[in-house]
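For the first sequence, this note's numbering assigns the number 229 to the initial residue and increments by one for each residue that follows.
For each residue, glycine too, the CB sits at the ideal point set by N, CA and C.
Here's the structure, in structure tokens; my notes come after.
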Amino acid sequence: MQPNYNPKDIEATAQQYWEDKQAFRAEAKSDKPKYYCLSMFPYPSGKLHMGHVRNYTIGDVLARWHKMRGYNVLQPMGWDAFGLPAENAAIANKVPPAKWTYDNIAYMKQQLKSLGFAIDWSRELATCKPDYYKWNQWLFLRMLEKGIAYKKTQVVNWDPVDQTVLANEQVIDGRGWRTGAIVEKREIPGYYLGITQYAEELLADLDKLPGWPERVKTMQANWIGKSFGVRFAFPYTLDGKDEKLWVYTTRADTIMGVTFVAVAAEHPLAQHAAKSNAQVAAFVEKCKHTSVMEADMATMEKEGVDTGLKVTHPLTGEQVPVWVGNYVLMGYGEGAVMAVPAHDERDFGFAKKYKLSIKRVIKTYDELNFEKGLRENHLLEPALLSKYRVPIAAGTEHIEEALSLYLRFDPDEDWKPSYADYGFCVNSGKYDGLIYQQAVDAIAADLKAKGLGDKQVQWRLRDWGVSRQRYWGCPIPIIHCDTCGSVPVPDDQLPVKLPEDCVPDGSGNPLHKRADFLNCTCPKCGKPAKRETDTMDTFVDSSWYYSRYASGFKSDAMVDEETNYWMPVDQYIGGIEHAILHLLYSRFWTKVMRDLGLVKYDEPFANLLTQGMVLNHIFSRRTDKGGIEYFAPEEVELVKDEAGRVTGAKSLADGSTVDYQGMGTMSKSKHNGVDPQALIEQYGADTARLFMMFASPPEQTLEWVDSGVEGAHRFLKRLWNFCVLIQKIQETNPQSDDDIQKASGIYGKHIMGSPSQYPKVARREIHLTLKQANYDLTKQQLNTVVSAAMKMLNALGEFPLYRKEDFEVILEGLSILLRLLSPICPHITHALWRELGYGDDILAADWPEPLAAALEQDEIELVIQVNGKLRGSLRAAKSADKATLEQLALAHEAVQKQLAGGTAKKVVVVPGRLINVVI
RNA sequence: GCCGGGAUGGCGGAAUUGGUAGACGCGCUGGACUCAAAAUCCAGUGUCUGUGAGGAUGUGAGGGUUCGAGUCCCUCUCCCGGCACCA
């Protein structure tokens, strides 16, 4: 055994051992229960960053832990290899995205291997390979046949200078990131996948996922957004023709408070008004430059203009003005909304801004309760006043004043959130007094009778637009023929291969210039035709890779029967940022595959662990052109205020000022990723893994700091040194108490306390800590598993070897410690397990379980509190009953001191824990 | 803005789910070893107060429930993730 811990040697040796034994190859034939452990595959951005190390170490710990507990484990790995960064790299370095991507994969694969992950590399895949993306195309064609895929117009960001479509990420404050040009909205045709056809099932099946975090299920449910409302129409006459303006609302109870209607700029009514009204025309034009992003839509200044047109209120018959609003989107719902300024915050602000009338039609339950509470109590109670936040002195009798303060509805003042609360109708004619559901029922019935509307279920979820006007993606298998229109590529001509030698230059899709790709013959009529140049959203690639891993990689089928053995994934691990889109798309894709008879499962991921993001500082600066550039944290010097908070930064290169953007996810595009390579080279993979797991629990956001790496490494060195010592003692083959004392160097020295108690205490500590660690593993709280291993080493190291049998306690404890630590630090534990002669392969060892006999104790310590404050403690027999404990506590000097001769009002005894004396 | 989550010493975090707040580690301070340094080992370390035993105070802010609140309830502040073309 080497006297010093040398991670380079032992890690290489351990990895070679696993390689030789093909230790992580998964076979679908097994008597053992299966465990499919999957970490989200990486985008090959160039180098791993700490988020990857965190993600894959968590997965590896769980995979190895299950392997040791007797499961048949599959842990695969691959590459989410299509995407925008490859094109950006091509623009910057003039290298084809394919070459850049394959080089990155090679480098990152070697990085992953050096971390010692228990991956079955025989199942590696890359989504940019034709044998993979062929099946994207094949399934897309099946969806087309079933009417799940279809074509319609989509709105995109258009950079007028580069003449190209921009991703949302590439639009900074309404301008193109490279050109600084003001971005325009453009409508172009594109393909959509009908995920809304599965909305009901996607929502309902969340209940079949007990192994998912509640927060993720809540987010998905809110995203799908099932709502029960009323769709109805405002009739109007235009150019002598009777027309209807349709809207949808979930608040039909407020319909009598409608004072205007707002339509999108692209709505036919707005378009009509624009023809004769220059003001409307100008506004419609201006709306072309508003953002397509929801976050921008929600925060931007709400603006509008009166079209001068009027529609008829379907129930009152009143004439209602029609406005164009920049906050109404043509693509969503009807492209028009009813406005009830009294009970909707957005409408309220809009009405006040443009001096439109506000009509109150709802009185809330709170108002009713408040009024009732006041009248019944006569006196104003503080609790009631504070609950309703009425600024009036408590205890007075000014009931009418309090009522007027709370009940006052004043459109001249600011909006109050309570205006949007549910309640009962007022100022609503025949509907007065009806509560929400009654009012909605009555109003829907009346509208239906007039043929102007009905109840309708609506979803927030929209169909999935999959067309991307980009080169580095999976080609959409469509051929455009002048005679036959859009024709699907026949199955036997799949895959439509993407040429791998293009170099994008930022001005549109290079496929447009590739005659060899573009020109083809129409499969229907045989005439010359053009290929579709749009490629698929990369979320398509990641929507089914898990089922491909789990199958035999057949060239003649998307998946095979093996997928039904491994699937669903038993543990999926990935960043919380994927909580909605990726996970929802994957669930949808699985259900489509199931309906096509390809797979037999409804849901792809049985258990989900959402890893917290690894954050680092973000620094950026505007370029001369108005675009944006990012600086890596190592390129700048922080500027801090007196409180030590980061306020800005300076470039180390030229001392110029750089903007501080706060903390954010490590990413290639923001240049704030930390490469683990230096860490691995200096300290080894085990230290990197240990530190990452110890830093915080998996689900928690982690702000990157590397202080503490030393500590993790120190622990491994201490462990190594301790094992060296133990091996030396072992080699002396001690036969007596004297032998063991001589070997451990305590012979003839005085030992404090009673040496016979030490092994018992240490052994209990080991088993108790193991119990906690095993429990933490089930909770996937891995940072405290590391603490447990540290505690065990502390316990073993503190304990003097006095009797011959004490050495057995050490050997037992050490075997527990090594096995517990092995999923986190597989290399060092592999080496030590063999060195100390426990066996050949720690992976084949049984997982340790705490022994009841080691945990037993007959006396326990109880805490004594007086009025909930800690005042002392006492030792009592484990079997002592409540009355005995109460007597002991009352007799305790600390309690006597507090009582000062008085008597206790009450004594609370919590068995095994504490006694609280109330005086 | 909307949806979801978070906030505990100088720092990362722990707390058996309402029962001893600060486990474990980092950092810092002091000491041992050394010609010296590194490494290693030992001791201390929330804050205030006290020579000391001790006392007071303390889990983002404010209020509430309880014998007892980091944990439950209400209100607020700040931070992070997502918002449909980053992946």
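Name the two residues that bound the continuous beta strand (DSSP E) containing residue i.
{"i": "CYS195", "result": "Limits of the chain in this structure are 229 at one end and 1147 at the other, which puts residue 195 out of reach."}
{"i": "TRP474", "result": "469–477"}
{"i": "LEU1010", "result": "Taken as a continuous stretch (DSSP letters only), LEU1010 belongs to no beta strand (DSSP E), as it is neither H nor E."}
{"i": "VAL1123", "result": "Per DSSP, VAL1123 belongs to no beta strand (DSSP E); it is in the alpha helix (DSSP H), 1121–1127."}
{"i": "LEU1155", "result": "With the chain covering 229 to 1147 only, the question about residue 1155 has no answer from this structure."}
{"i": "THR540", "result": "532–540"}
{"i": "GLN547", "result": "547–553"}
Going by DSSP, what residue range makes up the alpha helix (DSSP H) through residue i?
{"i": "PHE511", "result": "506–515"}
{"i": "ILE801", "result": "Here ILE801 belongs to no alpha helix (DSSP H); instead the beta strand (DSSP E) covers 799–803."}
{"i": "ILE908", "result": "905–911"}
{"i": "TYR582", "result": "Neither: TYR582 is in no alpha helix (DSSP H) and is coded neither H nor E."}
{"i": "LEU1039", "result": "1034–1049"}
{"i": "THR329", "result": "325–342"}
{"i": "ARG822", "result": "809–823"}
So, helix, strand or coil for residue i, using DSSP?
{"i": "GLN985", "result": "helix"}
{"i": "CYS951", "result": "helix"}
{"i": "PRO1054", "result": "helix"}
{"i": "ARG403", "result": "strand"}
{"i": "ASN747", "result": "strand"}
{"i": "MET278", "result": "helix"}
{"i": "HIS845", "result": "strand"}
{"i": "GLN1093", "result": "strand"}
{"i": "ASN234", "result": "coil"}
{"i": "TRP794", "result": "helix"}
{"i": "ALA1105", "result": "strand"}
{"i": "PRO358", "result": "helix"}
{"i": "LEU1098", "result": "strand"}
{"i": "TRP440", "result": "coil"}
{"i": "THR960", "result": "coil"}
{"i": "GLY681", "result": "strand"}
{"i": "ASN450", "result": "helix"}
Quick one, which of the options has its alpha-carbon nearest residue i's?
{"i": "ALA1122", "options": "ALA1108, ASP390, VAL1094, VAL1135", "result": "VAL1094"}
{"i": "THR711", "options": "CYS750, ASP719, SER273, GLN684", "result": "CYS750"}
{"i": "GLY375", "options": "TRP328, LEU421, THR355, ARG297", "result": "LEU421"}
{"i": "ASP640", "options": "ALA673, ASP729, ILE586, ILE590", "result": "ILE586"}
{"i": "ARG850", "options": "LEU340, MET821, PHE310, ASP401", "result": "ASP401"}
{"i": "ALA743", "options": "ASP733, CYS753, GLU760", "result": "GLU760"}
{"i": "GLN839", "options": "PHE269, GLN1000, ILE286, TRP1075", "result": "ILE286"}
{"i": "PRO1054", "options": "LEU944, GLY532, VAL933, ASN747", "result": "LEU944"}
{"i": "LEU1113", "options": "MET484, VAL1091, SER455", "result": "VAL1091"}
{"i": "ALA449", "options": "ASN1144, GLU429, LEU837", "result": "GLU429"}
{"i": "MET764", "options": "LYS413, ASN396, LYS322, TRP700", "result": "TRP700"}
{"i": "PHE1035", "options": "LYS1019, LYS988, LYS999", "result": "LYS988"}
{"i": "VAL475", "options": "CYS730, LYS644, ALA1059, PHE460", "result": "PHE460"}
Could you give the C-beta distance for residue i and residue j, rounded to a whole number, given that I count them as a contact under 8 Å?
{"i": "ALA971", "j": "LEU1024", "result": "The pair is not a contact, with the Cβ atoms about 15 Å apart (cut-off 8 Å)."}
{"i": "TYR888", "j": "GLY876", "result": "5 Å"}
{"i": "ALA492", "j": "ALA501", "result": "12 Å between Cβ atoms; not a contact."}
{"i": "LEU1045", "j": "LEU1029", "result": "Not a contact, Cβ separation roughly 17 Å."}
{"i": "ALA1104", "j": "ILE1088", "result": "7 Å"}
{"i": "ILE1147", "j": "ALA1132", "result": "5 Å"}
{"i": "VAL550", "j": "VAL556", "result": "Actually they do not touch by this definition, with Cβ atoms about 11 Å apart."}
{"i": "GLN799", "j": "CYS356", "result": "Going by Cβ atoms, the distance from GLN799 to CYS356 rounds to 27 Å, so no, they are not a contact pair."}
{"i": "LYS295", "j": "TRP794", "result": "At roughly 15 Å, the Cβ-Cβ gap does not stay under 8 Å, so LYS295 and TRP794 are not in contact."}
{"i": "LYS896", "j": "PRO313", "result": "6 Å"}
Compute the distance between the beta-carbons of residue i and residue j, then report whether it is under 8 Å.
{"i": "GLY408", "j": "LEU394", "result": "no"}
{"i": "ARG1031", "j": "ILE974", "result": "no"}
{"i": "GLU790", "j": "SER779", "result": "yes"}
{"i": "PRO463", "j": "LYS472", "result": "yes"}
{"i": "LEU843", "j": "GLY892", "result": "yes"}
{"i": "ALA940", "j": "THR960", "result": "no"}
{"i": "PHE745", "j": "PRO727", "result": "yes"}
{"i": "PRO1172", "j": "VAL787", "result": "This structure leaves residue 1172 out entirely; the chain is present only between 229 and 1147."}
{"i": "GLY453", "j": "ALA480", "result": "no"}
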